[in-house]
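Below is one structure; the comments refer to it alone.
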Amino acid sequence: GGVGTTTSAYVAPKTVWLLAMKAKGLEIAGTFSRRGGVIHMELSLTNKAMSVMTDFAIQFNRNSFGLAPAGPLQVLTPLSPNQTTEVSLPLSTVGPVMKMEPLNNLQVAVKNNIDVFYFSCLYPISILFVEDGKMERQVFLATWKDIPNENEAQFHIKDCHLNSDAASSKLQSSNIFTIAKRTVDNQDMLYQSIKLTNGIWVLAELRLQAGNSNYTVSGVLERESYIALSYMELALR
Amino acid sequence: ELDDGLDEAFSRLAESRTNP
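Line by line, the protein sequences give chains A and B.
Numbering of the first sequence is given in our numbering, commencing with residue -8 and proceeding in unit increments.
Numbering of the second sequence is given in our numbering, commencing with residue 660 and proceeding in unit increments.
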């Protein structure tokens, strides 16, 4: 987390997605971010081969949320042996859709002058949380009431020491919006909404007890809810 | 904040979730 009001959405450290030994010397590490309402795939390309690499291009397979490169992979100069270059690739969500297992799985093809290579990676569902995800209070109440009990998923977050206001503010930096807060029997109940890029809404209740560092998160609506909610733990930390 | 009945509705929701 950051200091004061300068908190921003959590971005995971890069992990290796493509091993050099499986890609004729090309190693790719990456992560995902959402900045200014734009999703980015942040890539480090390393040339571990003996010869120069050129002519890079990238393509995604169809995926659950229609993620697609919004432009070409910009590797402006040839990549010399032992050289690493950082590339930030903006993504759109208007690509072809196909439900993947798991839902946030992304299959990627990268080519260079040597060959075409394939890898898959998992993106955090939070990159799909849009900035206008604060649901009208009236709509929230009506929607919550209409949802059958069996659509509710619940999980627990242990050892989190934020109070409800700090949690609310931290979650808002990840586009998880608090619509109402109530205190009942010494428990703070935060009612929250999330909107995904494909228009699906997730409604959540975050329950915190004063002096207890364990939170309970309950969420409702479609299957995306569960992975959306599991992100809350990362966002809070 | 305007008293549009929603404040009360959220209180009832929280109450019903805590003491179903």
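Virtual Cβ for every residue (Gly too), placed ideally from N, Cα, C.
None of the values given here were measured: they were computed from a predicted structure.
Just checking my contact of residue i with residue j at CB under 8 Å: how many whole Å lie between their CB atoms?
i	j	result
H147(A)	N205(A)	6 Å
D46(A)	N104(A)	5 Å
A40(A)	K5(A)	That pair is no contact at about 20 Å.
I170(A)	K125(A)	7 Å
V175(A)	E667(B)	14 Å between Cβ atoms; not a contact.
G57(A)	S35(A)	Not a contact, Cβ separation roughly 25 Å.
L682(B)	L197(A)	Outside the displayed range of chain B (660 to 679) lies residue 682(B), so it cannot be described from this structure.
Quick one: what does DSSP say residue i is sitting in, helix, strand or coil?
i	result
N142(A)	helix
K172(A)	strand
Q163(A)	helix
I105(A)	coil
F51(A)	strand
E674(B)	helix
Q98(A)	strand
A11(A)	helix
S24(A)	strand
A668(B)	helix
S117(A)	helix
A158(A)	helix
K136(A)	helix
Y1(A)	coil
M91(A)	coil
F56(A)	coil
S204(A)	coil
G(-5)(A)	Residue placement at G(-5)(A) is poorly supported in this model, since its pLDDT is 38, which falls under 50; the coordinates still yield a value, given next. If DSSP states are grouped into helix, strand and coil, G(-5)(A) belongs with coil.
Starting from residue i, find everything on chain B with Cβ-Cβ shorter than 7 Å and list it in chain order.
i	result
Q129(A)	L665
V175(A)	A673, E674 and T677
A171(A)	F669
E196(A)	R676
Y206(A)	The contacting residues do not exist; Y206(A) stays about 14 Å from chain B at best.
Can you pull the chain B residues whose beta carbon is under 8 Å from the beta carbon of residue i, in chain order?
i	result
Q178(A)	T677
Y1(A)	In chain order: nothing, as chain B lies at least about 27 Å away.
Run through chain B and tell me which residues come within less than 9 Å of residue i, C-beta to C-beta.
i	result
A157(A)	The contacting residues do not exist; A157(A) stays about 20 Å from chain B at best.
Y182(A)	F669, L672 and A673
Opposite residue i in the DSSP bridges: which residues?
i	result
I191(A)	The partner list for I191(A) (beta bridge, DSSP) is empty, contrary to what the question assumes.
M180(A)	R173(A) and R198(A)
C151(A)	Answer is none; C151(A) lacks a bridge partner.
F131(A)	F131(A) pairs with nothing; no bridge assigned.
T76(A)	L36(A)
M126(A)	Looking at the DSSP assignment, M126(A) forms no beta bridge with any residue, so it has no partner.
G210(A)	A144(A) and A195(A)
L82(A)	I30(A) and P60(A)
L70(A)	M44(A)
Next item on the list: Compile a chain-ordered list of the residues in the segment 51 to 67 of chain A whose CB is closer than 7 Å to at least one CB of chain B.
Entry: none
Next item on the list: Identify each residue in the segment 117 to 146 of chain A for which the Cβ-Cβ distance to at least one residue of chain C is less than 9 Å, and report them in chain order.
Entry: Of the protein chains in this structure, namely A and B, none is chain C.
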